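Q: A single structure is presented below for examination.
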Amino acid sequence: MLTLLTTALLAASHASPRTTSLTRSLRRLTGVRQPCSARRMSGFPGLQVPGGRRFVPLRAVEADVRPVHHTGPPAETLAAAAMQKDSSVDSGVVREIAKDTLVDELRSLQQTTMRLTERLDKTEKALAEYQAIIGVDELKERLERLDELERVETGKKDAESKWYKGNVNLGEVGRLWLGQSEIPVAVYKPIDIGELFGGALFLVLQRFKELYGPAYLLPTGPTSSFLVLSDPASAKHVLNSYGTYEKGLVREISEFLFGDGFAVADGEKWKIRRRAVAPSLHKKYLNTMVSRVFASCSQRTVEVLRKNPPAEEINMEKVFSELTLDIIGKAVFNYDFNSVSSKEENPVITAVYDALKETETRSVDFLPLWKLPENIAQTVSPRQQRATAAVDLIRRTTEDLIANCKQQLEAEEAARGEAEEFNEDDYLSEADPSVLRFLIASREEVTSSQLRDDLLSMLVAGHETTGSVLTWTLYLLVQHPEKMAKLQEEIDTKLGSKLEDGINDLTIDDMLSLNYLRWCVAESMRLYPHPPVLIRRAIEDDVLPSGWKVPKGQDVMISIYNIHHSTSVWKDPDSFVPERWSTYTAPRDNPNERNTNYHYIPFSGGARKCIGDQFALVEAYTAMATLLYNFDFELVAGQDIKMTTGATIHTTNGMKMTCVPRR
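Numbering (mature numbering (1 follows the signal peptide of the UniProt record, and there is no 0)), first residue to last: -15 to -1, 1 to 648.
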């Protein structure tokens, strides 16, 4: 999104002396160098015709026309949004850039207007040449298709509104000649700006799907865009084409925290690290987590909630975020954040939330100052200072935990008198059932920094996602009391004795026996997927099953939300119907992308599928069963529950409920 703002702010040929340094840095980031006629689409291949001739007049025309008919928001809107989105940005710098550049932009647009007649004359000549090559009928058909697209985008029904009389997007003309005319280009409306820049991005993508179909280009700058895909076949193709697509933008966003962690690594390093980490999440080891970590942390949350008066309003989104942080801390690091019950501020907890918030902000940040050199970024935005300080503290804490775990294992080996092969008893430590212990005890050759990055990948990936799953599952259940009652009856019947007498003997099999609970969680993740979109980048030219072309370097956004809410995929897609899953899966089998043919992809798919999917599901089952066995919940009336986008789907102002003990 940066290029949208940068193009507007750098529309002038010359920046003021006070903003020259920042201007140059922004230009280096985005590749935007000069406005209008000075900017060229150097990668535009033109039209290849028999005889080796290549027609490229549209390249120059597009560069001059695009600023006039730019589909993104104006500079002043973006500048205001930038200050609203990130209040830590130096508002004086932003205003100075906007002030100076808007004046120059007007001058630039005047010059552009003077050139339009000449350029459009060249366009007419180019079309005449194309007509001579492809014939009158073919040219007419293509222009009619473009005309129809233009009318749909602008909402015009007037038959006289031809493409050459409206806001013609010559980039689309270029794609027409390149055989990509089936892929329309989304046009931003004022209503979309707030959602795109800090709101519920996935809702805008859904509206665009209704306008443009299951594939469209979402412009992010003068030379960049996302190819947004909203059909299961395309999603399956992209996610199973490892080697053709990589993480791309996801890695850029998360690298400050993940480093070389397996979650964002690509190529051989990813293969090596995934093979090392995956066994720690195997069912036979995960089984020890159910009672020792999942259930114990959930029970501690029950004890905290019991202390609240029955009528007291509780932000359950916050409670679930704290619960899942406690779980992931114990499960991954053997570190007790104690965030649910602690009333004192823990600097490590604060740092974790600051880092998580920064990761989510970067995912929707259209002014990514974090891409600037570190000294400049921290000068312009105190937010970057906080993020850097938070990551430094988290890394130091993690490195200390790694060192302590190594010392503990060395002491155990010394007590035995000799080093032994790693076995299940090493992992099943009463004192430390963590993934960290597993990875160190396996004696794999790995640096402490690599181990640290892998564990931090699990911390971020495993915290907010499960917290959001629990939040939206409970939200759906309290709005459907008949389904809540059915679920609580199942929990009481199948697990009542264990939950009443104690939690130390809960197992994965106990959780998988709760069929209705599994269906409720699956239905919640269908309606509110976490994340709502997946991002990839093509590293080779590709062709989708539909025939759409994906050039090398194209960023791709798979809208899981659109697929999960598609009327062509699901019956009553916007309704909460847990029972629908009874026909999709066998008993005790969790719904996934394979048994639904990619109609349902909450954990991605293919080689890069989330390796912690079973961990997250069993964690969610255990927490939900424990809480619903102990409490009845009710949504506080009068709330306006709105959604916003980060790494997951959050509420804008929390989710307040009351809870009354059932026993």
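By construction, the Cβ of each residue, glycine as well, lies at the ideal position given by its N, Cα and C atoms.
Quantities reported herein were computed from a predicted structural model and do not represent experimental measurements.
Considering only the alpha carbon of each residue, which of I586, S324, Y230, I548 lies closest to E525?
A: Y230
Q: Look at A280 and T607 and say whether their C-beta atoms are less than 8 Å apart.
A: yes
Q: For G198, which of K594, S553, I626 has the nearest alpha-carbon?
A: S553
Q: For D557, does the count of other Cβ atoms within 10 angstroms reach 16, so buried, or fall short, so exposed?
A: By the neighbour-count rule (16 or more Cβ atoms within 10 Å), D557 is not buried but exposed.
Q: Grab the span of the alpha helix (DSSP H) containing I545 for me, first residue to last.
A: 545 to 549
Q: Determine whether the beta carbon atoms of F187 and P517 lie at a separation below 8 Å.
A: yes
Q: Starting from R521 and walking both ways along the beta strand (DSSP E), at which residues does that stretch end?
A: 518 to 523
Q: Only counting the same chain, and skipping five residues up and downstream in sequence, which positions put a Cβ closer than 6 Å to that of V333?
A: T382
Q: Under three-state DSSP, which class holds M443?
A: helix
Q: Going by other Cβ atoms of all chains shown within 10 Å of its Cβ, with 16 needed for buried, is V337 buried or exposed?
A: buried
Q: Out of curiosity, what's the CA-to-CA distance linking L462 and K468?
A: Rounded to whole angstroms, L462 to K468 spans 6 Å at the Cα level.
Q: Would you report the Cα separation of V235 and S276, rounded to the nearest angstrom?
A: 34 Å
Q: Please identify the residue among K174, T611, S210, L459 whose C-alpha is closest to the C-alpha of E508.
A: L459
Q: V376 and L242: beta carbons closer than 8 Å?
A: yes
Q: Is there contact here, the region 476 to 494 with the region 608 to 620, by at least three beta-carbon pairs under 8 Å?
A: Yes, the region 476 to 494 is in contact with the region 608 to 620.
Q: Around the Cβ of K315, are there at least 16 other Cβ atoms within 10 angstroms (buried) or fewer (exposed)?
A: buried
Q: Hey, how far is the Cα of I476 from the Cα of V603?
A: 15 Å
Q: Determine the DSSP secondary structure at F322, reduced to helix, strand or coil.
A: F322 falls in the coil class under three-state DSSP.
Q: Is it right to say A592 is buried, meaning 16 or more other beta carbons lie within 10 angstroms of its own, or is it exposed?
A: exposed
Q: Could you tell me which residues DSSP pairs with S589 in its beta bridges?
A: P587
Q: Just how far apart, CA to CA, sit Q165 and T456?
A: Its pLDDT being 45, under 50, Q165 is placed unreliably in this model, and the coordinates cannot settle the point.
Q: D216 to E397, Cα distance in whole Å?
A: 53 Å
Q: Please check the pair S239 and T335, which I expect to be a contact at CB under 8 Å, by giving their CB distance rounded to whole angstroms.
A: About 20 Å; that fails the 8 Å criterion.
Q: Look at the alpha carbon of C505 and the alpha carbon of K342, and state the distance between them as a whole number of angstroms.
A: Cα to Cα, C505 sits roughly 28 Å from K342.
Q: Between I313 and H448, is the Cβ-Cβ spacing less than 8 Å?
A: Cβ atoms of I313 and H448: closer than 8 Å.
Q: Based on the DSSP secondary-structure assignment, which residues constitute the bridge partners of E379?
A: For the sequence presented, residue 379 should be read as Ile rather than Glu. The partner list for I379 (beta bridge, DSSP) is empty, contrary to what the question assumes.
Q: Could you check the C-alpha separation between L491 and Y583 for me, to the nearest Å?
A: 32 Å
Q: Can you give me the Cβ contacts of K537 inside the same chain, cut-off strictly under 7 Å, excluding the 5 residues immediately before and after it?
A: A523, I524, E525, D526
Q: Apart from the five residues just before and just after E298, which ones in its own chain have a Cβ nearer than 6 Å to its Cβ?
A: V621, K641
Q: When you compare each of S434, V645, Y320, L441 to D417 by their alpha carbons, which one comes out closest?
A: Among S434, V645, Y320, L441, the Cα nearest to that of D417 belongs to Y320.
Q: Please classify G151: does DSSP put it in a helix, a strand, or coil?
A: Residue confidence is low: G151 scores 34 on pLDDT, short of 50, so the model does not pin down where it sits. Its coordinate-derived value is still stated next. Here G151 sits in coil by DSSP.
Q: Could you name the residues that DSSP lists as bridge partners for A200?
A: L214
Q: For the candidate residues G233, G246, G228, whose alpha-carbon lies nearest to that of G252?
A: G228
Q: Roughly how many angstroms lie between the CA atoms of Q624 and S327, to the nearest whole one?
A: 27 Å
Q: DSSP has Y569 in a bridge; who is on the other side?
A: Y569 is not bridged to any residue.
Q: Take the Cβ of P563 as the centre, count every other Cβ of all protein chains shown within 10 Å, and call the residue buried at 16 or more, exposed below.
A: P563 is buried by the Cβ-count criterion.
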